[in-house]
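Below: one structure, written as structure tokens.
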DNA sequence: ATCCGGTTGTTAGCATACTAACATTATCGA
DNA sequence: TCGATAATGTTAGTATGCTAACAACCGGAT
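Chains as they are written, first to last, in the numbering used here: chain C, 445 to 595; chain V, 445 to 595.
This is the structure in structure tokens:
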């Protein structure tokens, strides 16, 4: 019987930190972020790129709506949008139909860069998944999606 | 031909944010953290639990060493250790052999809780992986480890 | 023995990510 | 129409996670 067997009947599973999904998710996220930041094509963080790409996809929308579409709470999306506005990548105008809202859209310069930003994002994904074979990449993304879509 | 086909010869792969590994890793991490925080067994964050479990595993060590063993840079591990000391979970003493170092160890009370902390960690991992079948869980952890272990 | 490079821990600054509380504005129901 | 409810955006506070700079200290090489 393997000394690392964690399925022995009647015995409690051993807690090995390096085998826990939360710990491994943190490591994988760290590696992805490092790959992203080491590819200096744009002065963007992964989160900022996600916001820009989503805004390009869905078009003009409110700040909270963009937050929901990118899985950022209201406090986080505010900071992200503030920094994107400061860089001139996103512009705003008041919503004429709802005085609570500010509508966000990409600046013309950003609009023109969208294709390059997409290409950059694909490169990052390829580098991140490089340790896996093509079949493994497909499987991994499918399972990761199952873990993310719940709730 | 499928309209979402991203492998058509001669065409550039489409950039779909929801299919990018970085975005999905962020979603999965968010879900894991939410599961963790909604299980109020201990007043700990995932990072703090990792530090405690690792310290229990490797025994008394320096702050930077614990950081390396838990994938936290020197600034991050400092904050984590400060908070664990403030809660009385970790105690320190100067290293008699190296005046730069402070040696960390678990407080006796924490030592006594380690088995419960392990059990709690296993519950969190089970809940996080619940959307997958047993076979999928094994595969997912194997691939996630491959993505994390790369230098 | 001294100098030099490396290690340890601290600090400051920035960027997510979360909760909670708040004022303002919309909307729906009675 | 009015009153309760909900949505929007802001602010404050806390906790990672990163870089960069710094002082103090250790070890080895000359």
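Don't be surprised by glycine CBs; every beta carbon is placed ideally from N, CA and C.
Not one beta carbon of chain C lies nearer than 8 Å to the beta carbon of residue 523 of chain V.
Contact between residue 466 of chain V and residue 569 of chain C holds: their C-beta atoms lie close to 7 Å from each other, under 8 Å.
The residues 573 and 576, in chain order, have a CB closer than 8 Å to that of residue 584 of chain C in the same chain once the five nearest residues on each side in sequence are set aside.
Under the rule that a run must span 4 or more residues, the alpha helix (DSSP H) segments found entirely inside the stretch 491 to 523 of chain V read 507 to 513.
For the 8 Å CB-CB criterion, residue 592 of chain C and residue 566 of chain V do not form a contact. Ranked by Cα distance from residue 503 of chain V, the options V:581, V:535, V:580 and V:590 are led by V:535. One alpha carbon belongs to residue 487 of chain V, the other to residue 506 of chain V, and they sit about 24 Å apart.
Listed by position along chain C, the residues whose Cβ is nearer than 7 Å to that of residue 590 of chain V are 575 and 576. If you check each beta-carbon in the stretch 457 to 470 of chain V against every beta-carbon of chain C, the ones closer than 9 Å belong to 457, 458, 459, 460, 461, 462, 463, 464, 465, 466, 467, 468, 469 and 470. When Cβ-Cβ separations below 8 Å define contact, residue 472 of chain C makes contact with chain V. The C-beta distance from residue 499 of chain C to residue 550 of chain C rounds to 6 Å, short enough to meet the 8 Å contact threshold. Where residue 465 of chain V is concerned, there is no enclosing beta strand (DSSP E), although the alpha helix (DSSP H) around it starts and stops at 465 to 481.
Within chain V, the residues placing a beta-carbon under 8 Å from that of residue 583 of chain C are 583 and 587, ordered along the chain.
The three-state secondary structure of residue 537 of chain V, taken from DSSP, is strand. Of the residues assessed, residue 582 of chain V falls on the exposed side of the cut-off, its CB having fewer than 16 other CB atoms within 10 angstroms. Close to chain C, meaning a Cβ-Cβ distance shorter than 7 Å, are the following residues of the stretch 559 to 573 of chain V: 562, 565, 566, 568, 569, 572 and 573.
When C-beta distances to chain V are compared with 9 Å, the residues of the stretch 482 to 507 of chain C below that value are 490, 491, 493, 494, 497, 498 and 501, in chain order. Inclusion of residue 514 of chain C and residue 494 of chain C in the CB contact set at 8 Å is warranted, their separation being smaller than that value.
With respect to the C-alpha of residue 470 of chain C, the residue from V:496, V:516 and V:539 having the closest C-alpha is V:516. At a cut-off of 8 Å, the C-beta of residue 519 of chain C has no neighbouring C-beta in chain V.
For residue 576 of chain C, no alpha helix (DSSP H) encloses it, and the DSSP letter there is neither H nor E. For residue 515 of chain V, a Cβ of chain C is located within less than 8 Å of the residue's own Cβ.
For residue 512 of chain V, the nearest beta carbon of chain C is not closer than 8 Å to its own beta carbon. Residue 464 of chain V and residue 586 of chain V have their C-alpha atoms spaced approximately 19 Å apart. At least 8 Å separates the CB of residue 534 of chain C from every CB of chain V.
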